[in-house]
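*Asks:* Counted the way the numbering used here counts, the sequence shown spans residues 1179 to 1689.
The C-beta atom is built at its ideal place from N, Cα and C for all residues, glycine as well.
Below you'll find the structure I mean.
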Amino acid sequence: MSTVSLGMELLNLYKKKNLAMIFEKIDDGCELSKFHPKGNIPDWLKGQLFLIAPAKWDFDDGFSVNHWLDGSAFMYKFNISKDHVDVMSTVSGYNQCKNVFSRYLSHLVPLELSDNVIGNVYLIDDELYASSETCHVWKIDPKDLKCIKRIDLRSVVSVNLASSHPHICPDGTVFNLAASFMTGLRYHIMKLPPLSETSPKQLKGFERATILTSRSSSQKTTYSYYHSFGVTEHYVLFLEQPLLVNTVKMAASGIKGYCVRDCLEWNPAMKTKFHLIDRATGQDIKTKFQSDAFFCFHHINTYEEDGHVVSDIMAYPNSEVMDKFFLKEVRAGRLNDSCKAIFTRFVLPLKTEGRIGENLVTLQETQATAIKEETGIIFLIPETMGRSGYEMPTINYSMFNTRKYRYMYGCGSFDTGEFAHSLIKLDNVTGEMAVWKETDLMYPSELVYVPRPGSSEEDDGVLLSVVLDVADNSQDFLMVMDAKNFKELARVFVPRSVKLPPSVHGRFRMD
1179 MSTVSLGMEL
1189 LNLYKKKNLA
1199 MIFEKIDDGC
1209 ELSKFHPKGN
1219 IPDWLKGQLF
1229 LIAPAKWDFD
1239 DGFSVNHWLD
1249 GSAFMYKFNI
1259 SKDHVDVMST
1269 VSGYNQCKNV
1279 FSRYLSHLVP
1289 LELSDNVIGN
1299 VYLIDDELYA
1309 SSETCHVWKI
1319 DPKDLKCIKR
1329 IDLRSVVSVN
1339 LASSHPHICP
1349 DGTVFNLAAS
1359 FMTGLRYHIM
1369 KLPPLSETSP
1379 KQLKGFERAT
1389 ILTSRSSSQK
1399 TTYSYYHSFG
1409 VTEHYVLFLE
1419 QPLLVNTVKM
1429 AASGIKGYCV
1439 RDCLEWNPAM
1449 KTKFHLIDRA
1459 TGQDIKTKFQ
1469 SDAFFCFHHI
1479 NTYEEDGHVV
1489 SDIMAYPNSE
1499 VMDKFFLKEV
1509 RAGRLNDSCK
1519 AIFTRFVLPL
1529 KTEGRIGENL
1539 VTLQETQATA
1549 IKEETGIIFL
1559 IPETMGRSGY
1569 EMPTINYSMF
1579 NTRKYRYMYG
1589 CGSFDTGEFA
1599 HSLIKLDNVT
1609 GEMAVWKETD
1619 LMYPSELVYV
1629 PRPGSSEEDD
1639 GVLLSVVLDV
1649 ADNSQDFLMV
1659 MDAKNFKELA
1669 RVFVPRSVKL
1679 PPSVHGRFRM
1689 D
């Protein structure tokens, strides 16, 4: 064996050993601790970065969960200003066997749905919420991260499941995708109208939620798994994709001993259905759109352009990624990347008159097509852009959600290919990609975009990422990047005594 080969083998062994450190449990949060940045944080960047993550998988009574996303919720925040950054964290109580992903991945089907909210953190009416994919949403006190109130969407709008990625539109309207299964398998679009300045007594947050529209699952005994969806100025877009939850198996789980991962079925022969719904009326667009099978966790952005709906997603060829983060694998330093996501653009024409076999897409800047079939179905063939091997897409959401945009930011932290240990910026006009990477022992988190106040350019702002460094005698840090040139501006080191887990999602609130 050559010296170079031996060195690479030793490095890989070191990386495997140290990767397991990231998935060690965190028993306690930390009180407010103050740290000073190295570099220059912009004067205007003043506010709080809230992050949520699973952080405890093994418990004192001997109970353990099997998947990274089954862990008890851990929330932490950075109070950011030019001269110093404060860090605070808290660990939720553990609710055995009841996490959202335990329903999908590793446990027996629970009788009650989880209120362990590790899916996302977001702001509605400037109030902080945390949720997973069940009917439970927690309202959080942004000062001390304590839970103020648990909202049960079953009692509000009679749904059993809800996406952890609601859309907050530019006019303040909030939409979310939900499902119910007690009286048939149905999908629902939830709507929260914007707050009215002239009505001070109106309900806040989810208390004013209503159902815009409902529709039955296309399958008799299964419904499609979903994690996110898309919204444009006039439409809601959701996908029925071929990762199906078999409700017959779910019902028999108590007798057969199935875990809900056993109830998930990938059907590669099933076409993916694209459902367009009018935001104003709740009516379905009658045209049927479909494509070949793929799997999607995250929608990037959806918008309208010249009589078309453009939908950008991170698409996988199948659903094998669901099995990637079982703890026995990641704690052994094994990251299976046989299934990688790539930026994928679908274009749905709103004008569907045309000849059989004709491409109805008339946009000049895309290679995506929409072919009219004899059945009247419009068959979508997407365009892919850039290179695969990253996830957690981020855009300048506050300015460009539902609108045509150019830049997307992603994270390849736990991939093993070209973008391992990296952050990326993709120009979806040119296809060019910029990459940040420092060492093979750093694991950056999802980027959170913060626009500069008063900015008009799409990438005039900063990006925030928490970077976990597993090298010996190293420190984790919060990194502040210039979104335009994708270069580091500052970092705030956090001592080892303050343990931070790899976050799932985050949100910034400006002071």
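Of all the options S1576, A1548, T1580, which has the alpha carbon lying nearest to the alpha carbon of I1302?
*Replies:* Numbered from 1 along the sequence shown, position 124 holds the residue referred to as residue 1302. I1302 has its Cα closest to that of S1576, out of S1576, A1548, T1580.
*Asks:* Compare the beta carbon distance of G1590 and L1604 with 8 Å and say whether it is the shorter of the two.
*Replies:* What you label residue 1590 is simply residue 412 of the sequence shown in a count that begins at 1. What you label residue 1604 is simply residue 426 of the sequence shown in a count that begins at 1. No, Cβ-Cβ distance for G1590 and L1604 is not below 8 Å.
*Asks:* Using a Cβ-Cβ cut-off of 6 Å (strictly less than) and excluding sequence neighbours within five positions of A1308, which residues of its own chain qualify?
*Replies:* To locate residue 1308, count along the sequence shown from 1; it is residue 130. I1230, V1295, V1299, W1316, I1318, listed in sequence order.
*Asks:* If we ignore side chains and look at the alpha-carbon of each, how far apart do K1665 and E1596 end up?
*Replies:* Numbered from 1 along the sequence shown, position 487 holds the residue referred to as residue 1665. Numbered from 1 along the sequence shown, position 418 holds the residue referred to as residue 1596. Each residue's Cα considered, the two are about 19 Å apart.
*Asks:* Would you give the residue range spanned by the alpha helix (DSSP H) that R1332 belongs to?
*Replies:* One-based indexing of the sequence shown puts residue 1332 at position 154. Counting along the chain, the alpha helix (DSSP H) containing R1332 begins and ends at 1331-1335.
*Asks:* When we look at the beta-carbon of P1680 and count the other beta-carbons within 10 Å, is it buried (16 or more) or exposed?
*Replies:* Taking the first residue of the sequence shown as 1, we reach residue 1680 at position 502. Buried, since its Cβ has 16 or more Cβ neighbours within 10 Å.
*Asks:* Which stretch, first to last residue, makes up the beta strand (DSSP E) that contains E1635?
*Replies:* Counting from 1 along the sequence shown, the entry for residue 1635 is found at position 457. No beta strand (DSSP E) contains E1635, which DSSP labels as neither H nor E.
*Asks:* From H1412 to D1456, what distance separates their C-alpha atoms?
*Replies:* Position 234 of the sequence shown holds residue 1412. Position 278 of the sequence shown holds residue 1456. Cα to Cα, H1412 sits roughly 6 Å from D1456.
*Asks:* How about C1347 and N1663: do their beta carbons lie closer than 8 Å?
*Replies:* Position 169 of the sequence shown, counted from the first residue, corresponds to residue 1347. Position 485 of the sequence shown, counted from the first residue, corresponds to residue 1663. No, they are not a contact pair.
*Asks:* Using a Cβ-Cβ cut-off of 7 Å (strictly less than) and excluding sequence neighbours within five positions of T1410, which residues of its own chain qualify?
*Replies:* Numbered from its first residue, the sequence shown carries residue 1410 at position 232. Within the same chain, T1410 has close Cβ partners T1480, Y1481, E1482, V1487, T1580.
*Asks:* On the three-pair Cβ rule with 8 Å, is the region 1520-1533 touching the region 1505-1512?
*Replies:* Short answer: they don't touch.
*Asks:* Please report the straight-line C-alpha distance between E1536 and K1550, rounded to a whole angstrom.
*Replies:* Here residue 1536 refers to the residue found at position 358 of the sequence shown. Here residue 1550 refers to the residue found at position 372 of the sequence shown. Looking at the two C-alpha atoms, the distance is approximately 6 Å.
*Asks:* So R1671 is in the beta strand (DSSP E); what residue range does that whole segment cover?
*Replies:* Taking the sequence shown and counting its residues from 1, one reaches residue 1671 at position 493. A quick correction: the sequence has Phe, not Arg, at residue 1671. Unbroken beta strand (DSSP E) run through F1671: 1665-1672.
*Asks:* May I ask you to report which of helix, strand or coil DSSP gives K1677?
*Replies:* In the sequence shown, the residue the question calls residue 1677 occupies position 499. Here K1677 sits in coil by DSSP.
*Asks:* The beta strand (DSSP E) that contains K1550, what's its start and end?
*Replies:* Start at 1 with the first residue of the sequence shown, and residue 1550 comes out as number 372. From DSSP, the beta strand (DSSP E) with K1550 extends over 1547-1550.
*Asks:* Shortest alpha-carbon distance to Y1365 belongs to which of Y1401, H1343, P1372?
*Replies:* Mapped onto the sequence shown, residue 1365 falls at position 187. Of the candidates Y1401, H1343, P1372, the one whose C-alpha sits nearest the C-alpha of Y1365 is Y1401.
*Asks:* Here's the rule I'm using: 16 or more other beta-carbon atoms within 10 Å means buried, otherwise exposed. How should A1240 be labelled?
*Replies:* In the sequence shown, residue 1240 corresponds to position 62, counting from 1. Before going further, note that residue 1240 is Gly rather than Ala in the sequence given. Burial call: exposed.
*Asks:* Cα separation between Q1468 and K1327?
*Replies:* As a position in the sequence shown, residue 1468 is number 290, starting the count at 1. As a position in the sequence shown, residue 1327 is number 149, starting the count at 1. So the two alpha carbons sit approximately 40 Å from each other.
*Asks:* Does DSSP classify I1573 as helix, strand or coil?
*Replies:* Residue mapping note: residue 1573 aligns to position 395 of the sequence shown, counting from 1. Note: I1573 maps to coil in three-state DSSP.
*Asks:* Assuming E1624 and G1684 make a contact with CB atoms under 8 Å, what is their CB distance in whole Å?
*Replies:* In the sequence shown, residue 1624 corresponds to position 446, counting from 1. In the sequence shown, residue 1684 corresponds to position 506, counting from 1. The pair is a contact, with the Cβ atoms about 6 Å apart (cut-off 8 Å).
*Asks:* Between the alpha carbons of P1472 and D1654, how many angstroms are there, rounded?
*Replies:* Locating residue 1472 in the sequence shown gives position 294, counting from the first residue. Locating residue 1654 in the sequence shown gives position 476, counting from the first residue. Going by the sequence as given, residue 1472 is Phe instead of Pro. Looking at the two C-alpha atoms, the distance is approximately 36 Å.
*Asks:* Quick test of your reading: N1338 and F1359, contact by CB under 8 Å. State the CB separation rounded to the nearest angstrom.
*Replies:* Taking the sequence shown and counting its residues from 1, one reaches residue 1338 at position 160. Taking the sequence shown and counting its residues from 1, one reaches residue 1359 at position 181. With 8 Å as the limit, N1338 and F1359 qualify as a contact, their Cβ atoms being about 6 Å apart.
*Asks:* May I ask you to check if the CB of R1669 is nearer than 7 Å to at least one heavy atom of the ligand ATP?
*Replies:* For the ligand ATP, the structure offers nothing, since it holds no ligand at all.
*Asks:* Identify whether F1592 lies in helix, strand or coil by the three-state DSSP scheme.
*Replies:* Position 414 of the sequence shown, counted from the first residue, corresponds to residue 1592. F1592: coil per DSSP, three-state reduction.
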